[in-house]
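Comments concern the structure below.
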Amino acid sequence: MTILRAQDLAINFGGIKAVDGITFDVNKGEIFTIIGPNGAGKTTIFNLISRIYQATSGKLVFDGDDITHMPPHRIAGRGIARTFQNVELFEHATLLQNLLLGQHAHRKTRPWEEVLFLPRVRVAEREIRRRVEEIIDFLDLQHYRDVVVQHLPYGVRKVIEVARALCTQPKLILLDEPSSGLNVEETEDLSFWIRDIRDDLGITVVMVEHDLALVNDVSDRVMAVNYGRLIATGTPADVQNHPDVIKAYLGG
Amino acid sequence: MRFIFKTRYDQDINLFPHGGAVFWYSLLAVTLLSVPLIVTPFYVGELSFLFIWSLAGLSLMVLTGYTGLISIGHAAFLGIGAYVHAYLVRHGVPFIPAILCGGFAAAAAGLVIGIPAIRMRGLYLAIATLAFSAIAEEVFVRWETLTGGSRGVPVPKPQFLGIEIDNEIGFYYLCLAILVLCILGIVNLLRAPTGRAWIAIRDSEIAAQSMGVNLAGYKALAFAVSAFLAGIAGGLFAHKVGYLTPDIFTPILSIQLLMLVMVGGVGSIHGAIFGAIFLVLLPTVISIARDYLPAAIGQQPALEPGIYGLILVLVVLLEPLGLNGLWLKIKFFFSQFPMYKSATFKRQKTYMRTERLQ
Amino acid sequence: MHGGRSMAEFLQLLVNGLAVGCIYGLVALGFVLIYKAGEVVNFAQGEMMMLGAFVAFTFIVQFGLNYWIGLALAVVVMAAFGGLLDIVVVRRIIGQPQFSTVMLTIGLGVMMRSGASMVWGPETRGLPSPFDKTVLQIDGVVLSAVYLAILVTTALLCVFLLGFFRFTRVGLAMQAASQNQLAAYCMGIPVKRVLSSVWALSAGVATIAGVMLAPISLIDPNTGAIGLKAFAAAVIGGFGSIPGAVVGGILIGLIELFSGVYLPEGFKDTAAYIVLLAVLVVRPQGLFGAVGRKKV
Chain A
7 MTILRAQDLA INFGGIKAVD GITFDVNKGE IFTIIGPNGA GKTTIFNLIS
57 RIYQATSGKL VFDGDDITHM PPHRIAGRGI ARTFQNVELF EHATLLQNLL
107 LGQHAHRKTR PWEEVLFLPR VRVAEREIRR RVEEIIDFLD LQHYRDVVVQ
157 HLPYGVRKVI EVARALCTQP KLILLDEPSS GLNVEETEDL SFWIRDIRDD
207 LGITVVMVEH DLALVNDVSD RVMAVNYGRL IATGTPADVQ NHPDVIKAYL
257 GG
Chain B
7 MRFIFKTRYD QDINLFPHGG AVFWYSLLAV TLLSVPLIVT PFYVGELSFL
57 FIWSLAGLSL MVLTGYTGLI SIGHAAFLGI GAYVHAYLVR HGVPFIPAIL
107 CGGFAAAAAG LVIGIPAIRM RGLYLAIATL AFSAIAEEVF VRWETLTGGS
157 RGVPVPKPQF LGIEIDNEIG FYYLCLAILV LCILGIVNLL RAPTGRAWIA
207 IRDSEIAAQS MGVNLAGYKA LAFAVSAFLA GIAGGLFAHK VGYLTPDIFT
257 PILSIQLLML VMVGGVGSIH GAIFGAIFLV LLPTVISIAR DYLPAAIGQQ
307 PALEPGIYGL ILVLVVLLEP LGLNGLWLKI KFFFSQFPMY KSATFKRQKT
357 YMRTERLQ
Chain C
71 MHGGRSMAEF LQLLVNGLAV GCIYGLVALG FVLIYKAGEV VNFAQGEMMM
121 LGAFVAFTFI VQFGLNYWIG LALAVVVMAA FGGLLDIVVV RRIIGQPQFS
171 TVMLTIGLGV MMRSGASMVW GPETRGLPSP FDKTVLQIDG VVLSAVYLAI
221 LVTTALLCVF LLGFFRFTRV GLAMQAASQN QLAAYCMGIP VKRVLSSVWA
271 LSAGVATIAG VMLAPISLID PNTGAIGLKA FAAAVIGGFG SIPGAVVGGI
321 LIGLIELFSG VYLPEGFKDT AAYIVLLAVL VVRPQGLFGA VGRKKV
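Protein chains in written order, with the numbering used here: chain A, 7 to 258; chain B, 7 to 364; chain C, 71 to 366.
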């Protein structure tokens, strides 16, 4: 069953076609990886899905709804969460505060109720905290709960970003180069976590990734792009042996 | 060294994290309540000033310290609150509705500048607030029915529940009560989704947005709340000085407020209070220092703003987290005693050109 | 509009507005130079102009030097001051959040203002100009040479700067540093020194602006407030474009003078700010700027 469908998706930046008419489907419960050389438009596709960029043309359908024109802050509530290539955490806040913000899309209290801190605000806060603790347990972050994020090592911050995305209770998670900057061990952990996210939490995973070992390890399907165009889609092995993909990476 | 063993989520949700904090804040409350009975009216008056400054600092702290939106024109909001409040009080409106109206008028002005500001990035916003305060200054001079023009207007004593508060002690308690209420409201917001959304906007707009924060809404809200508090502070200020003239609400006042926030420590309520204490003590220190400086410098009226500027520069260069940062470091030093390492507080630098306007 | 007289008045306003606008434009140009090079917004640019004017005042009036020698000395002194300011203070906060740079330069501006007031006193001062006495009469329109001199100087300065950036090594290094500091550094450009020279350059330009301003509107330590109008100019110009800054300055100057005559009292002093706010609301990226967005 299709959860996300991109149809003829395109965006121009002052004449440069960063994404040039890409069509793809992501099935519910699969791990779908986008690969391609630097500058191929992978992150741009993510930015289009999370509505940071407005597509020049094309259509995005998520879970039966057209989200092509949905305001970007509504995307999280609709069920799409994401991480960023260069870690965009709230650096001066604690890990806990970062994750609590992940629940923002599901907040039930209004600012005037919060000023008075009515009992229902307390109830809502407890519920938010309970859900966040589930994610903390899931990703083994108990240690760092009250540490200000900027003091933590890069590897941990990468994990926190995944955790924060999971806290939005998404149906689909977009991971932008989750393994970049991680060491071998951390990357291995990551591959377990990505599978757990799908298997235990039932979340569909779309990721952009360069580490082919990781890609082969976890992906159900792979899509290769270059110059904003789709080159090939299929199983990891099929795509890597596709002549056009080899050409895109090695030149010629 | 204190270990807090947490067993319930409420321990993180409560106002006070542990019994020790309850004890110290109770002690502070008792002290503040009994101070007017002990010290002379002059110091009671100075303390009322401290509370008003703290309120104004709290206002800018919400906007700049927590939401990361720089306002270089906060004097305008104080002025709007002060003039509206004074106008209503002169026309017989009781104290509470009048000061609330002052606050709401300032909040409305905050929205007027805040809503367009949503589309602006950090720097443009700072410039916009500066322009706004320049316009407001001109309006204060020209709108004579409200402000009395450049001659100014007298402000009657506050009437509270039919009783005129004409002594320093009554006004002290009034300011204290309002300050405590405002701090409680802001602390409540900060431990709830709204406050977290503000902090998120400050640290990364783009991540906040993809976590579902409506940037426009929360920025506008921050502006409104901040301007509201500034308006309330302005109303109290009007009573405190007794006579309003447009030359009170000049850019130098805005800069003093920025200095308050910077010196106190960006991003903390304690910082607003520390900054206010600093600002109230500073003129006294300067006037003492004047006697020790050579006459050519010491007798110059321009010395005071010059020192404000110098302090701003020194804080940015040496201790960007201000007094609150210093306080945290001292606390940390003792709590970790033999293990303290200075690298914990080393500042991180980024060389990514991310905040560029173009 | 009726008859030749109001036409003459109109032309005179036009020239005066252009001249005042040129000064705003030059101060704005200083903002833009510093901003482009080091991503620091210098809220003290107006104060640098004021200081420059006072330094020139010292050389020309107090020491009685020849006008041109005094001007040249003032430019040199101020350029050294600007460079030193970068080396001693501003350089330390490169790489820190924008918030810090805003606070720092505001603090520096306040210090300069009070320093000037301590050294030269709070009174207003005039600075004679060699063009003071000359008056041109064209077709019944009386034009003071002071204003025309401002137009000519600005034009010359713009040509000089364009040539400087296009053809000299230092100018090219400045451009490189402004596009990508790290890359420029790797290519062997001494980025720190380049940034300091940008500060020196921008202080020099501000000094010329200040000296030109002095004859048409007396100077005092608060003259630096003009910086805000120059901000308006820079914003209208898109805050990254040097020609944009000058055009923005001229627009602000014209709007200000014309609103002073044709609009009710009070608009003259606020027109620049109202226009600034309007531009920020309608086109936050400025009239000439492109939309910039943080990359993720």
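Beta carbons are placed, not taken as given, at the ideal position from N, Cα and C, and that holds for glycine.
Nearest Cα to C:L227 within the set C:M282, C:T340 and C:V110: C:M282. Judged by their CB atoms, A:P125 and B:L195 are not nearer to each other than the 8 Å cut-off. B:N330 counts as buried, since no fewer than 16 other beta carbons sit within 10 angstroms of its beta carbon. Of B:V45, B:I207 and B:I261, the smallest CA-CA separation from B:T135 is found for B:I261.
In the DSSP assignment, A:L15 forms a beta bridge with A:I28. At a cut-off of 8 Å between beta carbons, C:D339 contacts chain B. At a cut-off of 8 Å between beta carbons, B:S232 makes no contact with chain A. A Cβ of chain A is located within less than 8 Å of the beta carbon of B:P199.
With a cutoff of 8 Å on beta-carbon distance, B:D209 and A:H98 are scored as near each other. By the C-beta criterion, the stretch 186–205 of chain C is judged to be in contact with the stretch 120–140 of chain C, since at least 3 inter-stretch pairs fall below 8 Å. The straight-line gap separating the alpha-carbon atoms of C:V110 and B:I86 is approximately 32 Å.
Between C:A279 and C:I320, the alpha-carbon positions lie close to 13 Å from each other. Burial of B:Y130 is indicated by the presence of at least 16 other C-beta atoms within 10 angstroms of its C-beta.
A:M213 has A:T39 and A:L181 as its beta-bridge partners, per DSSP. Taking the C-beta atoms as reference points, C:A302 is found no nearer than 8 Å to C:L333. Within the same chain, and ignoring the five residues on either side of A:G234 in sequence, the residues whose Cβ sits closer than 6 Å to its Cβ are K23, A24, V25, D26 and G47. Contact annotation: in the stretch 203–230 of chain B, residues whose CB is within less than 8 Å of a CB in chain A are A203, I205, A206, R208, D209, S210, I212, A213, A214, Q215, S216, M217, G218, V219, N220, L221 and L227. With its beta carbon less than 8 Å from one in chain C, B:A137 belongs to the interface.
Contact between C:L288 and C:G87 is absent: CB atoms are separated by about 19 Å, not below the 8 Å threshold. Within its own chain, the residues whose Cβ lies closer than 7 Å to the Cβ of C:V216, once the five positions on either side in sequence are excluded, are S199, F201, D202, P285 and I286, listed in chain order.
Per the coordinates, the alpha-carbon of B:I283 lies some 15 Å from the alpha-carbon of B:L332.
Counting along the chain, C:Q245 sits inside the alpha helix (DSSP H) bounded by residues R239 to Q249. In this model, B:R14 and A:V129 are separated by some 13 Å (Cα to Cα). Of the candidates B:I238, B:T70, B:D16 and B:F255, B:I238 places its Cα closest to the Cα of B:A111.
Annotation for A:Q156: E97 place their beta carbon closer than 6 Å to its own, counting only its chain and skipping 5 residues before and after.
Cβ neighbours of C:V147 within its own chain (closer than 6 Å, five residues either side excluded): V125. The residue among B:K335, B:V319, B:V161 and B:K337 with its C-alpha nearest the C-alpha of C:T175 is B:V319. Annotation for B:L38: the continuous alpha helix (DSSP H) segment containing it runs G25 to I44. For the stretch 149–198 of chain C, the continuous alpha helix (DSSP H) assignments of 4+ residues that do not extend past its boundaries occur at 168–190, in sequence order. Contacts with chain B (Cβ-Cβ distance below 7 Å) from the stretch 23–35 of chain A involve no residue at all. Less than 8 Å divides the Cβ of C:M119 from the Cβ of C:G294.
Close partners of B:N194 in chain A (Cβ separation under 9 Å): E120, V121, L122, F123 and V127.
Scanning its chain for C-beta atoms nearer than 7 Å, with the 5 sequence neighbours on each side dropped, one finds around C:D156 the residues L265, S266 and W269, in chain order. For B:P160, the three-state secondary structure derived from DSSP is strand.
By the Cβ criterion, the stretch 140–150 of chain B is not in contact with the stretch 261–277 of chain B, since fewer than three pairs of Cβ atoms, one from each stretch, lie closer than 8 Å.
A contact is defined here as three or more CB-CB pairs under 8 Å, and the stretch 135–149 of chain A fails this definition with respect to the stretch 236–253 of chain B.
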